[in-house]
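Asker: Here you go, one structure.
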């Protein structure tokens, strides 16, 4: 899996997602791996929160991770994040 470098403090990677009863994605499991010292975090992100750069910023901010990507940068980051498709768990 490829981790992306889009914050000052963490690498982000998405290896899996959880489906719901109708067969769509309920949430993606994002692993936030510290660049220096620290404990890795597991963050659940809904497709709606991931689609909007502002919503994704707010999700990461709740975990004390600063994400400053613009709308166009966010689109590129998502392409990198899902370069290898996540697996259902």
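Residue numbers (the working numbering): 151 to 239.
Ideal Cβ positions, reconstructed from N, Cα and C, are used throughout, including at glycine.
In this text, all values refer to a predicted model and were calculated from it rather than measured experimentally.
1) Could you give the residue range of the alpha helix (DSSP H) that holds residue 204?
2) Measure from the alpha carbon of residue 170 to the alpha carbon of each residue in 208, 217, 197, then state which is nearest.
3) Report the residue from 202, 205, 227 whose alpha carbon sits nearest the alpha carbon of residue 163.
4) According to the neighbour-count rule (16 or more other Cβ atoms, all chains shown, within 10 Å of its Cβ), is residue 195 buried or exposed?
5) Please identify the residue among 216, 160, 175, 158 whose C-alpha is closest to the C-alpha of residue 235.
6) Leaving out five residues on either side along the sequence, give the residues of the same chain with a beta carbon under 8 Å from the beta carbon of residue 186.
7) Would you decide whether residue 213 is buried or exposed? Buried here means 16 or more other CB atoms lie within 10 Å of its CB.
Answerer: Looking at the coordinates:
1) According to the DSSP assignment, residue 204 belongs to the alpha helix (DSSP H) that extends over 203-212.
2) Looking at the Cα atoms, 197 is the closest of the given residues.
3) Ranking 202, 205, 227 by Cα distance to residue 163 puts 227 first.
4) With 16 or more other Cβ atoms within 10 Å, it is buried.
5) For residue 235, the nearest C-alpha among the options comes from 175.
6) Cβ-Cβ distances below 8 Å link residue 186 to 159 in the same chain, with the five nearest sequence neighbours on each side left out; the list follows chain order.
7) Residue environment: residue 213 is assigned as exposed (fewer than 16 neighbouring CB atoms within 10 Å of its CB, all protein chains considered).
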